[in-house]
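> Chains A and B supply the protein sequences, listed in that same order. Quick note: the first sequence uses my numbering, first residue 371, plus one each step. Quick note: the second sequence uses my numbering, first residue 3, plus one each step. Let me give you the structure first, and then I'll get to my questions.
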Amino acid sequence: MVTTTAAPSVNRTSRKRWFLDVGFRHVVGVLAVVYAAFPIVYIISAALNPGGTLTGSNALFENFSGENFADLNRTFFWTWAGNTLFIGVVTAVGTVLMGAAAAYAFSRFRFTGRRLGLMALLVIQMFPQLLAFVAIFLLLLGLGNVVPVLGLNSKLGLIAVYLGGALGVNTFLMYGFFNTIPKELDEAAKIDGASHAVIFWTIILRLVAPILAVVGLLSFISTFSDFILARTILQSEENWTLAVGLYGWVSSLLEANWGQFAAGAVISAIPVLLLFLFLQRYIVGGLTAGSVKG
Amino acid sequence: MSVQPAAGSTTRRRRVRPRPSESHANTFSGGFVAKLIVMAAVNALGVYVILAAWAEESYGILAVMVALLVAANVVYFSRRMLPMKYLLPGLAFLLVYQVFVIGYTGWVAFTNYGDGHNSTKADAVEALLVQNERRVEGSAAYPLVVLGDGDELAFGIVNANGDVRVGRAETPLETVEDATVADGAVTEVPGYDTLSRQDILARQAEITALRVPVSDDPEDGSIRTTDARNGYVYISTLAYDEAAGTMTDTQTGTVYEPDDNGQFVSADGQTLPVGWRVNVGFENFATAFGDARYSTPFLKVLVWTIAFAFLSVATTFFLGLFLAMVFNDERVKGRKIYRTLLILPYAFPGFLSALLWSGLLNRRFGFVNQVLLGGAEIPWLTDEWLAKLSVLGVNLWLGFPYMFLIATGALQSIPKDVMEAATIDGAGRVRTWWSVTMPLLMVSTAPLLISSFAFNFNNFNLIYMLTGGGPRMEDASVPIGHTDILISMVYSISGLDGTAAKNYGLASALSIVIFIIVATISVISFRKTRSLEEIN
Chain A
371 MVTTTAAPSV NRTSRKRWFL DVGFRHVVGV LAVVYAAFPI VYIISAALNP GGTLTGSNAL
431 FENFSGENFA DLNRTFFWTW AGNTLFIGVV TAVGTVLMGA AAAYAFSRFR FTGRRLGLMA
491 LLVIQMFPQL LAFVAIFLLL LGLGNVVPVL GLNSKLGLIA VYLGGALGVN TFLMYGFFNT
551 IPKELDEAAK IDGASHAVIF WTIILRLVAP ILAVVGLLSF ISTFSDFILA RTILQSEENW
611 TLAVGLYGWV SSLLEANWGQ FAAGAVISAI PVLLLFLFLQ RYIVGGLTAG SVKG
Chain B
3 MSVQPAAGST TRRRRVRPRP SESHANTFSG GFVAKLIVMA AVNALGVYVI LAAWAEESYG
63 ILAVMVALLV AANVVYFSRR MLPMKYLLPG LAFLLVYQVF VIGYTGWVAF TNYGDGHNST
123 KADAVEALLV QNERRVEGSA AYPLVVLGDG DELAFGIVNA NGDVRVGRAE TPLETVEDAT
183 VADGAVTEVP GYDTLSRQDI LARQAEITAL RVPVSDDPED GSIRTTDARN GYVYISTLAY
243 DEAAGTMTDT QTGTVYEPDD NGQFVSADGQ TLPVGWRVNV GFENFATAFG DARYSTPFLK
303 VLVWTIAFAF LSVATTFFLG LFLAMVFNDE RVKGRKIYRT LLILPYAFPG FLSALLWSGL
363 LNRRFGFVNQ VLLGGAEIPW LTDEWLAKLS VLGVNLWLGF PYMFLIATGA LQSIPKDVME
423 AATIDGAGRV RTWWSVTMPL LMVSTAPLLI SSFAFNFNNF NLIYMLTGGG PRMEDASVPI
483 GHTDILISMV YSISGLDGTA AKNYGLASAL SIVIFIIVAT ISVISFRKTR SLEEIN
């Protein structure tokens with residue numbers, strides 16, 4: 371239903387009509403883009419500004435230098451970035467594998483307790499781990515006496531906690547997707563003598579690759595943004611994640627650490643930002659299908 | 003390749019179908035070897051955990067680990083339980099870190115677990131005895147030397163008979179035969195390093211905290227040192243009577259009886275500082291809702307949480323929908339570019355945005371006050387109402403792109419012929435909008451709005467990073483601020499951030515309350531939306 375736009379003649383009324391129909395949309399668009407992008411432009415400017423203070427950052431793009439970025443080398447920043455990457459990647463891979471395996475079982479096998487299991491997942495999902503941080507803290511306190519590597523102040527301990535939330539949120543997202551893969555495919559493979567494991571690893575996982583990527587990325591982003599559990603569990607500074615560390619810079623001595631924070635924020639956000647924009651079509655599909663940003 | 007006639011239609015038939023004659027367990031294929039290796043590793047780790055739990059006497063962990071290990075072996079080496087093979091790994095984590103943790107939250111909610119009530123009664127008694135140790139007046143000073151065995155420290159003393167006695171924190175003093183003594187002080191003990199002056203200075207705090215029991219009987223007291231050269235006998239001023247379960251102050255003779263609250267209380271109402279956790283029933287809930295010192299601020303927080311979540315969803319949805327409508331016109335050139343730029347706030351990690359805005363809105367130095375408002379010192383984050391406004395404003399920035407995306411998707415999926423039909427029936431633009439577009443739009447977006455509401459209800463990062471819950475409510479007896487939502491309030495009350503006394507019991511009780519609220523709202527609204535869907 372493409373309607374023809376106003377004739378190109380320089381006619382006053384048609385111009386006015388064009389503005390009422392289309393032109394005003396660009397005005398709104400430009401305003402909205404300024405609103406959306408301004409803080410990000412500001413943080414990039416602040417990161418490049420050698421002043422390094424909050425006041426000094428108010429003049430946009432006045433000076434350029436990599437000083438703030440160089441300063442990061444004198445802090446724990448890169449350690450935190452490494453921790454975040456490690457925790458995020460291991461959690462994402464674990465989440466994808468566990469979620470995919472569970473979704474495969476629910477989608478392909480019929481067994482007693484299947485419906486009940488799906489229902490139970492739905493109910494458990496309503497109680498976010500975030501709410502149970504006290505109990506998680508106490509559990510890890512006890513666990514740490516027995517297996518220190520799963521206790522407090524351990525990255526593996528935190529990963530294990532995150533993996534505890536792996537089934538609840540993601541199984542449904544994947545389950546729906548698995549159901550769209552025709553069962554005839556695995557039936558055929560089975561007749562050819564493939565075992566269930568072969569079917570799972572070599573056929574199904576390849577066919578559902580898009581949803582695996584989305585779930586992995588969502589899991590990475592939510593791990594990346596988690597503060598409350600990371601803060602509760604990781605206690606010594608060299609074990610912190612970016613969320614905990616950068617919060618520390620801003621909450622104490624905001625004025626002095628601003629340049630450093632800005633540089634750190636740019637380095638941590640840009641890869642996520644690019645990944646998101648690059649994969650937005652899939653992510654948006656996945657998000658609207660089931661969850662919101664964490 | 004033959005395909006069975008009714009493939010896929012019967013799932014029940016699969017069970018009847020004979021199993022393949024060759025199980026992968028008999029062929030030693032690559033997969034089987036991989037399984038063996040993984041299971042060997044799992045078993046090794048499991049056994050290690052079981053042994054460690056045994057050594058630590060953590061029988062709960064031991065029992066759970068045994069159960070998990072048995073389950074894993076049964077499931078993976080059995081030919082049946084096929085679905086379980088795929089469910090078990092996730093299920094194990096789910097059971098321990100989510101289901102158990104939910105139950106544990108429930109249990110803690112009914113106890114007074116927290117500062118002053120951190121452990122069992124036995125631990126509390128021991129802590130009290132240790133904390134109340136005093137140097138016995140006029141007791142002898144023993145020449146002492148600090149010894150090290152790896153990371154552990156020990157004391158070596160020479161007693162009145164000239165015997166050398168050595169002990170550690172966990173093992174009482176024992177006489178050692180072949181130690182070297184010079185000038186009445188120990189110089190060397192076989193199996194131990196003698197700490198140098200430098201080491202002693204470096205580990206000063208550890209040394210002054212070390213107490214070596216004189217004997218197995220706690221009544222005999224312990225040896226302590228303040229200067230790493232002389233040891234003194236310290237004896238507790240409290241004595242615990244195991245049979246009666248009471249604590250007696252040996253100096254004043256006051257008897258402390260255990261009470262229902264997990265504390266030793268004397269007849270005149272004095273309590274000893276260390277208590278233990280006990281079940282307190284609904285007391286935490288009663289405190290939260292009955293005690294005015296708590297219930298008034300809690301009620302304020304509850305109202306604000308609901309208002310915050312509701313207004314966040316409403317504002318972001320309307321801005322998002324407005325923008326989606328503006329760009330839902332194919333004549334607008336560069337829609338893709340607009341769309342990409344508008345998504346920026348959504349793709350920017352949430353916690354960073356909140357921190358970034360806390361700088362932008364800073365009262366004295368922030369960009370908004372300094373540049374946009376020409377140096378006006380508006381207290382965006384420190385005034386009660388402005389802080390609330392700021393929280394909503396920042397969340398609008400964070401959240402509108404998501405709403406823009408889903409509204410765009412929903413608008414595009416509305417079939418054009420429905421609109422045309424409305425136009426033919428004589429409906430105007432506004433009428434079409436209200437009677438056709440909006441209902442259809444709501445059908446697809448309502449569930450997302452509800453999950454968005456639930457998400458904002460627990461939007462901890464935004465509040466904690468932007469305002470920290472502040473400004474503080476001055477009249478509240480607990481650390482609560484005007485912009486605190488329930489979850490950030492629970493975090494402050496738990497005391498895990500180190501700013502207040504720990505109160506795990508109350509915090510857990512409030513977690514349960516939040517869960518009930520969120521679950522109720524979700525269930526009710528999903529019911530409502532189901533009736534919406536029937537329009538379709």
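Each residue gets a CB set at the ideal place from its N, CA and C atoms; glycine is no exception.
So is V18 of chain B buried or exposed if we call it buried at 16+ other beta carbons inside 10 Å?
Stepping through the second sequence from its first residue, residue 18 of chain B is reached at position 16. In this prediction, V18 of chain B has a pLDDT of 48, which is less than 50 and means its spatial position is unreliable; what the coordinates show is noted afterwards. Its Cβ having fewer than 16 others within 10 Å, V18 of chain B is exposed.
> Report the residue from A:F431, A:L575, A:A451, A:F503 whose alpha carbon sits nearest the alpha carbon of V101 of chain B.
The residue you call residue 101 of chain B lines up with position 99 of the second sequence. That would be A:F503, whose Cα lies nearest to the Cα of V101 of chain B.
> So what's I529 of chain A in DSSP terms, helix, strand or just coil?
Locating residue 529 of chain A in the first sequence gives position 159, where the first residue counts as 1. Helix, per DSSP.
> So which of B:N114, B:F310, B:S238 has the shortest CA-CA distance to V282 of chain B?
On the second sequence, residue 282 of chain B is found 280 positions in, with the first residue counted as 1. Ranking B:N114, B:F310, B:S238 by Cα distance to V282 of chain B puts B:N114 first.
> Which residue comes first and which comes last in the beta strand (DSSP E) that contains L564 of chain B?
Nothing about residue 564 of chain B can be reported from this structure: the residues present for chain B run from 3 to 538 only.
> Select from A:F408, A:G436, A:I410 the residue whose C-alpha is nearest the C-alpha of G421 of chain A.
Residue 421 of chain A sits at position 51 when you count from the first residue of the first sequence. It is A:G436 whose Cα lies nearest to the Cα of G421 of chain A.
> So with Cβ pairs under 8 Å, would you call P498 of chain A a contact of chain C?
This model lacks chain C altogether; the protein chains it does include are A and B.
> How big is the Cα-Cα spacing for T196 of chain B and E285 of chain B?
Along the second sequence, read from residue 1 onward, the residue named residue 196 of chain B stands at position 194. Along the second sequence, read from residue 1 onward, the residue named residue 285 of chain B stands at position 283. Cα to Cα, T196 of chain B sits roughly 53 Å from E285 of chain B.
> Look at the Cβ atom of G527 of chain A, then the Cβ atom of G521 of chain A, and state whether they are nearer than 8 Å.
Here the question's residue 527 of chain A lines up with position 157 in the first sequence. Here the question's residue 521 of chain A lines up with position 151 in the first sequence. Going by C-beta atoms, G527 of chain A is nearer than 8 Å to G521 of chain A.
> To the nearest angstrom, how far is the alpha carbon of G277 of chain B from that of G247 of chain B?
By 1-based counting over the second sequence, the position of residue 277 of chain B is 275. By 1-based counting over the second sequence, the position of residue 247 of chain B is 245. Near 13 Å, if we compare the C-alpha coordinates of G247 of chain B and G277 of chain B.
> Measuring only the C-alpha atoms, how far is S629 of chain A from V305 of chain B?
Translated into positions along the first sequence, residue 629 of chain A becomes position 259. Translated into positions along the second sequence, residue 305 of chain B becomes position 303. It is Gly, not Ser, that sits at residue 629 of chain A in the sequence shown. Cα to Cα, the separation comes out at about 37 Å.
> Going along chain B in order, which residues have a C-beta closer than 8 Å to the C-beta of M468 of chain A?
Stepping through the first sequence from its first residue, residue 468 of chain A is reached at position 98. Chain B residues near M468 of chain A: P91, G92, F95.
> Would you list, in chain order, the members of the stretch 324-340 of chain B that have their beta-carbon closer than 7 Å to a beta-carbon of chain A?
The residues in question are L325, V328, F329, D331, E332, R333, V334, Y340.
> Closer than 7 Å to a non-hydrogen atom of the ligand FMN - does that hold for the CB of G426 of chain A?
Inclusion of the ligand FMN in the displayed structure is not the case, the ligand content being empty and no account of it being possible.
> Taking the beta carbon of W387 of chain B as the centre, do at least 16 other beta carbons fall within 10 Å, making it buried, or is it exposed?
Here the question's residue 387 of chain B lines up with position 385 in the second sequence. The residue in question, W387 of chain B, is exposed, as its Cβ has fewer than 16 Cβ neighbours within 10 Å.
> With three or more beta-carbon pairs closer than 8 Å as the criterion, would you say the stretch 529-546 of chain A touches the stretch 482-497 of chain A?
The stretch 529-546 of chain A is in contact with the stretch 482-497 of chain A.
> According to the Cβ coordinates, are L424 of chain A and G361 of chain B closer than 8 Å?
For the purposes of this step, residue 424 of chain A is taken as residue 54 along the first sequence, with counting starting at 1. For the purposes of this step, residue 361 of chain B is taken as residue 359 along the second sequence, with counting starting at 1. Contact: yes.
> Excluding the five sequence neighbours on either side, which residues of its own chain have a C-beta within less than 8 Å of the C-beta of A502 of chain B, listed in chain order?
Here residue 502 of chain B refers to the residue found at position 500 when the second sequence is read from its first residue. Once the five neighbours on either side are set aside, the close Cβ partners of A502 of chain B are V480, P481, S494, I495.
> Taking a Cβ distance cut-off of 7 Å, strictly less, list which residues of the stretch 103-121 of chain B are near chain A, in chain order.
Those would be V103, I104, Y106, T107, V110, in chain order.
> Between the stretch 530-546 of chain A and chain B, which residues of the former have CB atoms less than 7 Å from a CB of the latter, in chain order?
Listed by position, the residues of the stretch 530-546 of chain A near chain B (Cβ gap below 7 Å) are A530, V531, L533, G534, G535, A536, L537, G538.
> In terms of alpha-carbon separation, which member of B:A241, B:D180, B:F34 lies closest to T254 of chain B?
Numbered from 1 along the second sequence, position 252 holds the residue referred to as residue 254 of chain B. Ranking B:A241, B:D180, B:F34 by Cα distance to T254 of chain B puts B:A241 first.
> Am I right that A316 of chain B and M467 of chain B are in contact with their C-beta atoms under 8 Å? What's the rounded C-beta distance?
The count along the second sequence starts at 1 and reaches residue 316 of chain B at position 314. The count along the second sequence starts at 1 and reaches residue 467 of chain B at position 465. Not a contact, Cβ separation roughly 23 Å.
> On a Cα-Cα basis, can you pick out the residue from A:N438, A:V517, A:E432 that is closest to G48 of chain B?
Indexing the second sequence from 1 puts residue 48 of chain B at position 46. Considering only alpha carbons, the answer is A:V517.
> Would you grab the beta carbon distance between R137 of chain B and Y61 of chain B for me? Rounded to a whole angstrom, and I think it's under 8 Å.
Sequence index remark: in the second sequence, residue 137 of chain B carries index 135 (1-based). Sequence index remark: in the second sequence, residue 61 of chain B carries index 59 (1-based). Not confirmed; about 39 Å, so no contact.
> Tell me the DSSP bridge mates of I159 of chain B?
By one-based count along the second sequence, residue 159 of chain B stands at place 157. I159 of chain B is bridged to B:L146, B:R167.
> Give me the Cα-Cα distance between T434 of chain A and V445 of chain B, rounded to the nearest whole angstrom.
On the first sequence, residue 434 of chain A is found 64 positions in, with the first residue counted as 1. On the second sequence, residue 445 of chain B is found 443 positions in, with the first residue counted as 1. First, the residue type needs correcting, since residue 434 of chain A is Phe and not Thr in the sequence shown. F434 of chain A and V445 of chain B: Cα-Cα distance of roughly 50 Å.
> Does N438 of chain A have its Cβ less than 8 Å from a Cβ in chain B?
Taking the first residue of the first sequence as position 1, residue 438 of chain A is located at position 68. Not closer than 8 Å to any Cβ of chain B, the Cβ of N438 of chain A fails to qualify, so no.
> Just list the beta strand (DSSP E) runs in the stretch 373-430 of chain B, keeping only unbroken ones of 3 residues or longer that don't cross its boundaries, in chain order.
If we require 3 residues or more, the stretch 373-430 of chain B turns out to have no beta strand (DSSP E) run fully inside it.
> Report the residue from B:M67, B:A36, B:L488 whose alpha carbon sits nearest the alpha carbon of P299 of chain B.
The residue given as residue 299 of chain B occupies position 297 in the second sequence. If we check each option's Cα against that of P299 of chain B, B:L488 comes out closest.
> Would S198 of chain B be called buried (16 or more neighbouring beta carbons within 10 Å of its own) or exposed?
Taking the first residue of the second sequence as 1, we reach residue 198 of chain B at position 196. It counts as exposed.
> Would you report the Cα separation of L512 of chain B and L301 of chain B, rounded to the nearest angstrom?
As a first step, residue 512 of chain B is located in the second sequence; it is residue number 510 there, counting from the start. As a first step, residue 301 of chain B is located in the second sequence; it is residue number 299 there, counting from the start. The alpha-carbon atoms of L512 of chain B and L301 of chain B are separated by roughly 12 Å.
> So, for I159 of chain B: in the same chain, excluding its five sequence neighbours on each side, which residues have a beta-carbon less than 6 Å away from its beta-carbon?
Locating residue 159 of chain B in the second sequence gives position 157, where the first residue counts as 1. So the qualifying residues of the chain are Y144, L146, R167, G233.
> Which residues, in order along the stretch 288-306 of chain B, keep a beta-carbon less than 8 Å from a beta-carbon of chain A?
Hits within the stretch: zero.
> Within its chain, find whatever has a CB closer than 7 Å to the CB of E24 of chain B; leave out the 5 residues flanking it on each side and keep chain order.
Counting from one through the second sequence, the residue named residue 24 of chain B turns up at place 22. Because E24 of chain B sits at a pLDDT of 47, beneath the cut-off of 50, its placement in the model cannot be relied upon, and the following sentence gives the value as read from the coordinates. Cβ neighbours of E24 of chain B beyond the five flanking positions: none.
> State the Cα-Cα distance for the pair W571 of chain A and S622 of chain A, rounded to the nearest angstrom.
Mapped onto the first sequence, residue 571 of chain A falls at position 201. Mapped onto the first sequence, residue 622 of chain A falls at position 252. Cα to Cα, the separation comes out at about 49 Å.
> Against chain B, which members of the stretch 603-621 of chain A pass a CB distance test of less than 8 Å?
Those would be A613, L616, Y617, V620, S621, in chain order.
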